[in-house]
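As structure tokens, the structure follows; a few thoughts come after it.
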Amino acid sequence: MSVNVGSLHRLRDSSLFPCIVGVTKNEILWRSLSELGVGTVIKQISFKNIIGTTSLSDINGVRWLTDLSGSFQKKEASTSCGFTIWSITPTKKYSWGVRCSTFYCVRDQQVSDWVGFLNSSVLKTNPSRPRNLLVFINPLSGAKKAQQIYTHQVAPLFYLANIQTKVIATTSRDHATDYLIENSLDSYDGVICVGGDGFLAEAVQGLLLHERRKFSLPLFSGHKPGEIELKPTIRLGVIPAGSTDSASYSVHGTNDVVTAALHIISGDDISLDVVAVHADDDGTFIRYVLTMLGYGFHSDLLRNDDKRRWMGSQRYNYSGFKTLLQHASYHGEISFYRVRIQTTYHLTVLFVIVDVPFVNQIFITILTIHCLSIIH
Numbered sequence: 081m082s083v084n085v086g087s088l089h090r091l092r093d094s095s096l097f098p099c100i101v102g103v104t105k106n107e108i109l110w111r112s113l114s115e116l117g118v119g120t121v122i123k124q125i126s127f128k129n130i131i132g133t134t135s136l137s138d139i140n141g142v143r144w145l146t147d148l149s150g151s152f153q154k155k156e157a158s159t160s161c162g163f164t165i166w167s168i169t170p171t172k173k174y175s176w177g178v179r180c181s182t183f184y185c186v187r188d189q190q191v192s193d194w195v196g197f198l199n200s201s202v203l204k205t206n207p208s209r210p211r212n213l214l215v216f217i218n219p220l221s222g223a224k225k226a227q228q229i230y231t232h233q234v235a236p237l238f239y240l241a242n243i244q245t246k247v248i249a250t251t252s253r254d255h256a257t258d259y260l261i262e263n264s265l266d267s268y269d270g271v272i273c274v275g276g277d278g279f280l281a282e283a284v285q286g287l288l289l290h291e292r293r294k295f296s297l298p299l300f301s302g303h304k305p306g307e308i309e310l311k312p313t314i315r316l317g318v319i320p321a322g323s324t325d326s327a328s329y330s331v332h333g334t335n336d337v338v339t340a341a342l343h344i345i346s347g348d349d350i351s352l353d354v355v356a357v358h359a360d361d362d363g364t365f366i367r368y369v370l371t372m373l374g375y376g377f378h379s380d381l382l383r384n385d386d387k388r389r390w391m392g393s394q395r396y397n398y399s400g401f402k403t404l405l406q407h408a409s410y411h412g413e414i415s416f417y418r419v420r421i422q423t424t425y426h427l428t429v430l431f432v433i434v435d436v437p438f439v440n441q442i443f444i445t446i447l448t449i450h451c452l453s454i455i456h
């Protein structure tokens, strides 16, 4: 009997008890029967919460199920004909985890039918889910653990969600920026950054300049304050692997890696503000800023940041204390115009002038982009 909406099937659950399984347009439901034949409470999983479905013959799926849930115990060989539904489940405030629900079948064809039906139903229910992602990894982030974080916590989830990836480990500052500016992104549904806030800012810079280059707009010297900023046509996602992960907290409310990966898989998105900074003397574009723009003490604190990455997050405490002992003083004057709103392609634009002695004035333009919570 083929699997379709409204059909009922007799399978066995993870405890090998018989169960009646049915599907609606938006979810799968089942009721297990106890040894006495008495029905238990009906359980259900929404298609929107399904990460993916794999057969028990999928070696990678079986191995990763143990790593992610810790609850998989393979039964005897005669019960290896089955499939596992991987789904999202809340674990604590703002955090998500992975739940697995295993069902056993009589024939291999049943397994194939269920896996195919459930995976296609998930995509139909949520067409915004990404299928092909470009992943940048900053190998220096997270005390040089970014690659390990991606390999062991994120890649298995992308595999289960049937997401294809191209992974690039950056080798220098602005590597991601340069790649995004110069290469076509048409085949990707999103760009993922595995790293800290600075690394994410590099990707934002690359995506926004990519759009300008695509429409033959000036990137730097001819890019003046007040010009229309183009919204990226591709979404941006962040896997937190930095020292502070401010952007991840803003987007997800947590810097939990699995939670971030599951938001990306689900196709969730949220808007974040981005600042465009221009020099006042000639209006030359300087760069885009995502989380903060610092002058004075904070800038001095971060000046030699790269040289102290081996210290991890403690480098900020060390640099802050060292800068404080220098008794540096910073003088500045901030002036501003009344807020002027200009709406073009749903972008909110705000013009601000910052006047600092010994430093050229800068124009700051604030615009909104969307991120794969991913940041879109």
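Taking the numbering used here, the leading residue of the sequence shown gets 81, the next gets one more, and so forth. Note that the Cβ used here is the ideal one computed from N, Cα and C, for glycine as well. These numbers were taken from a predicted model, which means no experiment stands behind them.
DSSP, read as helix, strand or coil, puts Val355 in strand. Boundaries for His89: no alpha helix (DSSP H) harbours it, while the beta strand (DSSP E) harbouring it runs 88-92, taken from the DSSP string.
Here Thr104 has Val85 as same chain residues with Cβ atoms under 7 Å from its own Cβ, once five neighbours each way along the sequence are excluded. Taking Tyr329 as the centre and dropping the five residues before and after it, the same chain places the C-beta of Asn335 closer than 7 Å to its C-beta, in chain order.
In the DSSP assignment, Ser167 falls within the unbroken beta strand (DSSP E) covering 162-172. The C-beta distance from Val284 to Tyr368 rounds to 5 Å, short enough to fall under 8 Å. Contact between Ala340 and Val354 is absent: CB atoms are separated by about 19 Å, not below the 8 Å threshold. Just so you know, the alpha carbons of Ser409 and Tyr375 end up roughly 11 Å apart. Within the segment 262-327, the complete beta strand (DSSP E) segments of 3 residues or longer fall at 270-275, 315-320, listed in chain order. Bounds of the beta strand (DSSP E) holding Leu213 are 212-217. Under the three-state reduction of DSSP, Ala249 is assigned to strand. Considering only Val357, Pro170, Thr171, Arg187, the residue with the shortest C-alpha distance to Ser137 is Arg187. With respect to Leu316, Phe295 sits apart: the two C-beta atoms are not nearer than 8 Å.
CA-to-CA, the gap between Thr364 and Lys304 works out to about 6 Å. DSSP, read as helix, strand or coil, puts Val186 in coil.
In its chain, beyond the 5 residues on either side, Val83 have a beta carbon closer than 7 Å to the beta carbon of Phe197. Our two residues, Lys224 and Gly162, have alpha carbons roughly 39 Å apart in a direct line. With contact defined as three or more Cβ pairs closer than 8 Å, the segment 268-275 and the segment 205-213 are in contact. Counting C-beta atoms within 10 angstroms of its own C-beta, Arg92 has 16 or more neighbours from the protein chains shown and is therefore classed as buried. Here the C-alpha atom of Asp277 lies approximately 23 Å from the C-alpha atom of Lys402. Minimum Cα-Cα distance from Tyr239 among the listed residues Ile131, Gln190, Leu109 corresponds to Ile131.
Annotation: Ser112 is outside any alpha helix (DSSP H); the continuous beta strand (DSSP E) that includes it extends over 107-112. By the criterion of a C-beta distance shorter than 8 Å, Glu107 is surrounded in its chain by Gln124, Ile125, Ser126, Phe127, once the five residues flanking it on both sides are discounted. In this model, Leu260 and Ile308 are separated by some 20 Å (Cα to Cα). Shown here, Pro98 sits in a strand according to DSSP, grouped into three states. Nearest Cα to His89 within the set Leu297, Gly102, Thr134: Gly102. For Tyr239, the uninterrupted alpha helix (DSSP H) run begins and ends at 235-240, by DSSP.
For the pair Val337 and Gln233, the CB atoms are nearer than the 8 Å cut-off. At the C-beta level, Ala241 and Ile345 come within 8 Å of one another. Here Leu280 really is in contact with Ala327; their C-beta atoms are around 5 Å apart, less than 8 Å.
In this structure, Ile217 sits near Gln227, with a CB-CB distance shorter than 8 Å. Residue burial is scored here from C-beta neighbours: His411 has fewer than 16 other C-beta atoms within 10 angstroms and is therefore classed as exposed. Under DSSP, Gly132 forms a beta bridge with Trp166. Inter-residue distance for Trp194 and Leu203 is about 14 Å (C-alpha atoms, whole angstroms). Between the beta-carbon of Asn199 and that of Ser167 there is about 13 Å, and that puts the pair past the 8 Å contact cut.
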